[in-house]
Amino acid sequence: MKVNFFNRKLTKSLSIEKLFSFIIPEIDKLGYDTKIINNPYDLNILGVIKSILFFRSKKTTINHITGDIHWLAIFLNPKSTVLTIHDLVGLTQLSGLKRWVFYWFWVYLPIKRLKYITTISQKTKKEIVELLPWAEHKITVIENCLTFPVKKVEKIPNAITQILIVGTRVNKNIETTFSAIKDLPVELTIVGELSKKHLQYLKEHNIRFKNKINISEEELQQIYFESDILCFPSLYEGFGLPILEAQASEVAVITSNISPTKEVAGKGAILVNPLDKNEIKKSIELLMNDAEFKKTLINSGLENIKNYSPQMIAKKYSELYKKMMQ
1 MKVNFFNRKL TKSLSIEKLF SFIIPEIDKL GYDTKIINNP YDLNILGVIK
51 SILFFRSKKT TINHITGDIH WLAIFLNPKS TVLTIHDLVG LTQLSGLKRW
101 VFYWFWVYLP IKRLKYITTI SQKTKKEIVE LLPWAEHKIT VIENCLTFPV
151 KKVEKIPNAI TQILIVGTRV NKNIETTFSA IKDLPVELTI VGELSKKHLQ
201 YLKEHNIRFK NKINISEEEL QQIYFESDIL CFPSLYEGFG LPILEAQASE
251 VAVITSNISP TKEVAGKGAI LVNPLDKNEI KKSIELLMND AEFKKTLINS
301 GLENIKNYSP QMIAKKYSEL YKKMMQ
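Numbering follows the UniProt record's numbering, with no gaps: position 232 of the sequence shown is 232.
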C-alpha cells in the first residue's frame, strides 16, 4: 500500500517533520511504500493555489497530511486522506480576521471534509469535540512518539543543580519558573529566544543562566544529558514532547497537572499547578534534597517512554490506514 506524507514548507520549526522522520521508517518496515512530499510554496494566495495543484498531482492510495497545512484537506479525496491535528492553539492566540480564517480553513472545513482525523492527545480531541460535537466519530488519538535515542550513560554529578527550560513562548509559562527559582542555588539552561523583559528579570534577580538558540539535534541531546531537572509548567500543549525527551535522558521532570502533560508524563514526573510558583519551588527543592526520590522518579520516566516508541506509534497508524482501505 502506498502512503504519501504531505508536509508544510520547511521552516526553522521542524517539530512535525522531526516527529514523522521517526515514525515513517517504522511504517516502511510494516510493508508500506511511503514517500515524503514537502510543500515548495509560500503561504499566500498564489502559493496556496499552486500548493493545491501540486499536492493533487501527488495523491496516491493514502494521503497523510502531517499537520499545519490543514486547508489542503478541503481539496483532496475525503476517504483516502487523513489529517493529523496537533493543537488548536491558533484559536486562543489569534483574533479578528486571522482567527476567522484559522477557524474556517484550519479547523471547520478540513474536519467537515475528511472522514479520518487523528490528534496527538485526548486533550486536542476534546477541544475539537467541544467545538464540533459531530466530528467525534472521525477522530482517532495517536500519540507522538519519542524522538530521542535512549542511551544508558553514567552521568557526572553537577556542582550546581542544572534546571532546563525548553521553549520560551507565552504558553511555556517561563516567568513562573523564574519566580520559583530566583532564590535557589541553581543554574538555568533556556532553549529558545528570550525577550528583553525576560533578560531584564534574570539580570535584576541575579539568576544564573545560559541561553541556547538555533541549536542542532545533537546539541539539544547534550543539553538534556547535562541537566538535572526539566521544569515544564506549561499552560497549554498539544502534547508535550520535552517530557519524553527528558525522561529518555534520565532527567527528573516537573510539569503541569493539566491535560495533556499529566497523561504524557505518566508516573514519571512531579505534577504541579503551573501558576503556583511556591509549589514549583518546593518540587525543585525536593529533587535537590532527596536523591532516592529523584532516582525513583527517573526510573518511572524510563518505564513511561516505552509507551511512546516509534514502532508502537507506527502500528497505530497502520491500523488506521487499513481501516481506510476497508
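In this text, a Cβ means the ideal position worked out from N, Cα and C, and glycines have one as well.
It should be emphasised that the depicted structure is a prediction, and the values quoted were computed from it without experimental measurement.
(request) Taking the CB atoms as reference points, tell me whether residue 230 and residue 264 lie closer together than 8 Å. (result) Position 230 of the sequence shown, counted from the start, is the residue given in the question as residue 230. Position 264 of the sequence shown, counted from the start, is the residue given in the question as residue 264. Not a contact, by the Cβ cut-off of 8 Å.
(request) Compare the Cα-Cα distances from residue 159 to each of 192, 147, 165 and 227 and report the closest residue. (result) For the purposes of this step, residue 159 is identified with residue 159 of the sequence shown, where counting begins at 1. Per the Cα distances, 227.
(request) Could you tell me the distance, in whole angstroms, from the CA atom of residue 151 to the CA atom of residue 224? (result) The residue labelled residue 151 in the question sits at position 151 within the sequence shown. The residue labelled residue 224 in the question sits at position 224 within the sequence shown. Near 12 Å, if we compare the C-alpha coordinates of residue 224 and residue 151.
(request) Reducing DSSP to helix, strand and coil, say where residue 252 ends up. (result) By one-based count along the sequence shown, residue 252 stands at place 252. Here residue 252 sits in strand by DSSP.
(request) Would you kindly check if the distance between the Cβ of residue 93 and the Cβ of residue 259 is under 8 Å? (result) The residue you call residue 259 lines up with position 259 of the sequence shown. The residue you call residue 93 lines up with position 93 of the sequence shown. Not in contact: residue 259 and residue 93 (Cβ atoms no closer than 8 Å).
(request) Return the chain-ordered ranges of every alpha helix (DSSP H) run that is complete within the stretch 85–136 and spans a minimum of 4 residues. (result) 89–93, 96–102, 109–113 and 122–131
(request) List the endpoints of the continuous alpha helix (DSSP H) containing residue 48. (result) To locate residue 48, count along the sequence shown from 1; it is residue 48. Element bounds for residue 48: 45–56.
(message) Quick check on residue 8: buried or exposed, where buried means 16 or more other Cβ atoms within 10 Å of its Cβ?
(response) In the sequence shown, counting from the first residue as 1, residue 8 sits at position 8. By the neighbour-count rule (16 or more Cβ atoms within 10 Å), residue 8 is buried.
(request) Measuring alpha carbon to alpha carbon, tell me which of 37, 301 and 257 ends up nearest residue 2. (result) Within the sequence shown, the letter at position 2 stands for residue 2. Checking every option, the nearest Cα to that of residue 2 belongs to 37.
(request) Return the chain-ordered ranges of every beta strand (DSSP E) run that is complete within the stretch 157–211 and spans a minimum of 3 residues. (result) 161–166 and 186–191
(request) From the DSSP output, in three-state form, read off residue 271 for me. (result) Along the sequence shown, read from residue 1 onward, the residue named residue 271 stands at position 271. Here residue 271 sits in strand by DSSP.
(request) Would you mind working out which of 323, 325, 316 and 326 sits nearest residue 24, comparing C-alpha positions? (result) Residue numbering aside, residue 24 sits at position 24 when the sequence shown is read from its first letter. Answer by Cα proximity: 316.
(request) May I ask which residues mark the beginning and end of the alpha helix (DSSP H) holding residue 313? (result) Here residue 313 corresponds to residue number 313 of the sequence shown, with the count starting at 1. Residues 310–324.
(request) Check the C-beta distance from residue 179 over to residue 277 and give it rounded, since I have them as a contact under 8 Å. (result) Taking the first residue of the sequence shown as position 1, residue 179 is located at position 179. Taking the first residue of the sequence shown as position 1, residue 277 is located at position 277. Going by Cβ atoms, the distance from residue 179 to residue 277 rounds to 4 Å, so yes, they are a contact pair.
(request) Classify residue 86 as buried or exposed, calling it buried when 16 or more other Cβ atoms lie within 10 Å of its own Cβ. (result) Sequence index remark: in the sequence shown, residue 86 carries index 86 (1-based). Label assigned to residue 86: buried.
(message) For residue 293 and residue 266, I'd like the C-alpha separation in whole angstroms.
(response) In the sequence shown, the residue the question calls residue 293 occupies position 293. In the sequence shown, the residue the question calls residue 266 occupies position 266. Their Cα atoms are separated by approximately 16 Å.
(request) Taking all protein chains shown into account, decide if residue 73 is buried (16 or more other Cβ within 10 angstroms of its Cβ) or exposed. (result) By 1-based counting over the sequence shown, the position of residue 73 is 73. Result: buried.
(request) Hey, could you find the ends of the beta strand (DSSP E) residue 6 is sitting in? (result) Here residue 6 refers to the residue found at position 6 when the sequence shown is read from its first residue. It spans 2–7 - the beta strand (DSSP E) in which residue 6 sits, taken as one unbroken run.
(message) Give me, in chain order, the residues of the same chain whose beta-carbon lies closer than 8 Å to that of residue 99; leave out the 5 immediate sequence neighbours on both sides.
(response) By one-based count along the sequence shown, residue 99 stands at place 99. Only 90 and 91 meet the Cβ criterion.
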